[in-house]
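Everything on this sheet refers to the single structure shown next.
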Amino acid sequence: MKLAWLCSHESYQPEVLVEHAVLAEEVGFDVVTGADHFHPWVDDVSAASFVWSWFGAVAQATSRVELATSVTAPLFRYHPALIAQAAATVDRLSDGRFILGVGTGEAINEAPLGYTFPGYAERIARMREALTIMHGLLAGEKLDFDGEYYQTRTAKLHSPPIGRAPVWMAAGGPKSATFAGETCEGLITSVKDPAETVANIITPYREAAQARGADTTVMATRWVVLAGNDDEAWEALVSMRGLRAPGRLETADPAVLRERADAMDRQEILSKYTIVRDLDQLTEAYRPLVHDVGADYVAIQVASTDPADTIRRIGAEVLPALREAAAS
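Read in order, the letters of the sequence shown correspond to residues 1 to 328 in the UniProt record's numbering.
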């Protein structure tokens, strides 16, 4: 079982997040992850840097941790062949430490650039074609592809990955989980109720993967807020409060998400997160992902008012406790 730290690109500027990634490696994390968004969740206290440039910097600033997108959407503003090229480049710069996490996206990534954000049926159909292209290129093929959404002509990566560069897919329900098992090397899923996640997402994923004779890898994630009281929790969540606003998948303007979030009762937004007061409670919040879900990777996604101090404290106290839980 490996432990990951999420560097929140919606909350902090890229130069700060490089420092967080280096610190995460120093304190004992196994993986550093970053999301790929064009817009953040609110427009007033936020950030939204280009994750691929950032991963290049982190690849050079670290030596041990794996690096993973959590996640990127290779469907609209990127041609999937470009994502394969980006993944291969980061893999080379990191000496084979890269994992390509993909998902079907949100409007904040595509609509600002003029793309229509369609329903799930089209997005998953696009993903099927995208995965065919990305897998082919990452495997070294020269690819001619004629799909409904994408085409390639003698496309080939002339700077191929030096590692395996596996593709993991984010899933929040059984359809996507089954699809991930049929097409990808791993699953990324956010856990609220462990038993429900196992039944509705992890089991369908594993069954689909096993049906084609494939190995399975599960990364379980969970958003937790570390704060001494609710006022501090709100301060920690200020850049992420639009994530829990209505219509977040379809809304492109972070100003609209901010307005919707600020029209809600603060307690309603806080209630949508796991809020812990100390490191013992933080450990207990993630223990089910280790013990009950049985994830291969557990991604620790913590909002706090002092992330650098939080990383240090988690490295000293929480990581050893979770590793002990995994071994028991």
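By construction, the Cβ of each residue, glycine as well, lies at the ideal position given by its N, Cα and C atoms. Note that the coordinates shown come from a computational prediction; the quantities given were computed from them, not determined experimentally.
Would you report the Cα separation of residue i and residue j, rounded to the nearest angstrom?
i              : j              : result
isoleucine 188 : aspartate 231  : 31 Å
tyrosine 286   : glutamate 185  : 24 Å
alanine 303    : glycine 172    : 21 Å
glutamate 250  : alanine 84     : 26 Å
alanine 245    : arginine 260   : 6 Å
glutamate 66   : proline 307    : 20 Å
tyrosine 273   : proline 320    : 24 Å
alanine 121    : alanine 316    : 45 Å
alanine 86     : valine 218     : 23 Å
alanine 4      : valine 225     : 16 Å
alanine 57     : valine 167     : 21 Å
residue 329    : threonine 310  : The structure shown does not extend to residue 329, since the chain is modelled only from 1 to 328, so the question has no answer here.
leucine 143    : threonine 283  : 46 Å
glutamine 281  : arginine 313   : 13 Å
glycine 294    : glycine 34     : 23 Å
serine 53      : leucine 17     : 12 Å
leucine 322    : glycine 105    : 31 Å
asparagine 229 : glycine 213    : 49 Å
glycine 28     : isoleucine 202 : 27 Å
tyrosine 264   : threonine 154  : Contrary to the premise, residue 264 reads as methionine rather than tyrosine in this sequence. Rounded to whole angstroms, methionine 264 to threonine 154 spans 52 Å at the Cα level.
aspartate 95   : aspartate 262  : 44 Å
isoleucine 99  : asparagine 109 : 21 Å
glutamate 324  : serine 11      : 31 Å
alanine 227    : histidine 291  : 25 Å
serine 328     : arginine 64    : 26 Å
Considering only the beta carbon of each residue, do residue i and residue j sit closer than 7 Å?
i              : j                : result
glycine 119    : threonine 69     : no
alanine 326    : methionine 1     : yes
threonine 72   : aspartate 36     : yes
leucine 289    : valine 276       : no
tryptophan 234 : arginine 266     : yes
isoleucine 133 : proline 194      : no
alanine 236    : threonine 305    : yes
histidine 9    : valine 51        : yes
arginine 241   : isoleucine 269   : yes
valine 90      : phenylalanine 55 : yes
leucine 6      : glutamine 301    : yes
serine 49      : proline 14       : yes
threonine 197  : leucine 131      : no
If you compare alpha carbons, which of the options is closest to residue i?
i              : options                        : result
isoleucine 162 : Ala316, Gly140, Lys175, Arg241 : Gly140
lysine 192     : Tyr78, Thr183, Arg222          : Arg222
glutamate 77   : Ala59, Ser11, Arg123           : Reading off the sequence, residue 77 comes out as arginine, not glutamate. The option with the nearest alpha carbon to arginine 77 is Arg123.
glycine 114    : Ala48, Phe145, Phe38, Pro174   : Phe38
serine 176     : Tyr205, His135, Ala295         : Tyr205
tyrosine 150   : Leu75, Arg97, Thr203           : Leu75
arginine 97    : Glu106, Asn109, Leu131, Thr62  : Thr62
valine 238     : Trp41, Ser190, Gln60, Asp278   : Trp41
alanine 59     : Leu93, Gly28, Leu82            : Leu93
leucine 279    : Glu324, Val318, Ala263, Ala220 : Val318
threonine 216  : Asp296, Ile99, Asp95           : Asp296
Going by DSSP in three states, residue i sits in which element: helix, strand or coil?
i                 : result
glutamine 13      : coil
alanine 2         : The amino acid occupying residue 2 in the given sequence is lysine; alanine does not appear at that position. In this structure, lysine 2 counts as strand in the three-state DSSP scheme.
aspartate 30      : coil
arginine 153      : strand
isoleucine 99     : strand
glycine 228       : coil
arginine 266      : helix
threonine 104     : coil
serine 190        : strand
leucine 67        : strand
arginine 77       : coil
aspartate 91      : helix
methionine 240    : coil
phenylalanine 145 : strand
tryptophan 223    : strand
What does a CB cutoff of less than 8 Å around residue i pick up in its chain, not counting 5 residues either side in sequence?
i             : result
glutamate 148 : Ala125, Glu129
alanine 88    : Leu137, Leu138, Leu157, Ser159, Pro160, Pro161, Ala165
residue 399   : The requested residue 399 does not occur in the structure, where the chain is confined to residues 1 to 328.
threonine 178 : Pro204, Tyr205, Glu207, Ala208
Short of 6 Å in beta carbon distance, which residues of its chain neighbour residue i, apart from the five on each side in sequence? Order them along the chain.
i              : result
alanine 111    : Phe117, Ala252
asparagine 200 : Pro174
alanine 180    : Met169, Ala171, Leu187, Tyr205
glycine 103    : Val71, Ala73, Ala170
leucine 243    : Trp41
serine 190     : Thr221
alanine 24     : Trp5, Val32, Ile311
Who are the near neighbours of residue i in its chain, counting only those whose CB is closer than 7 Å to its CB and skipping five residues on each side?
i             : result
valine 22     : Ala61, Thr62
threonine 152 : Ala81, Ile133, Leu143, Asp144, Phe145
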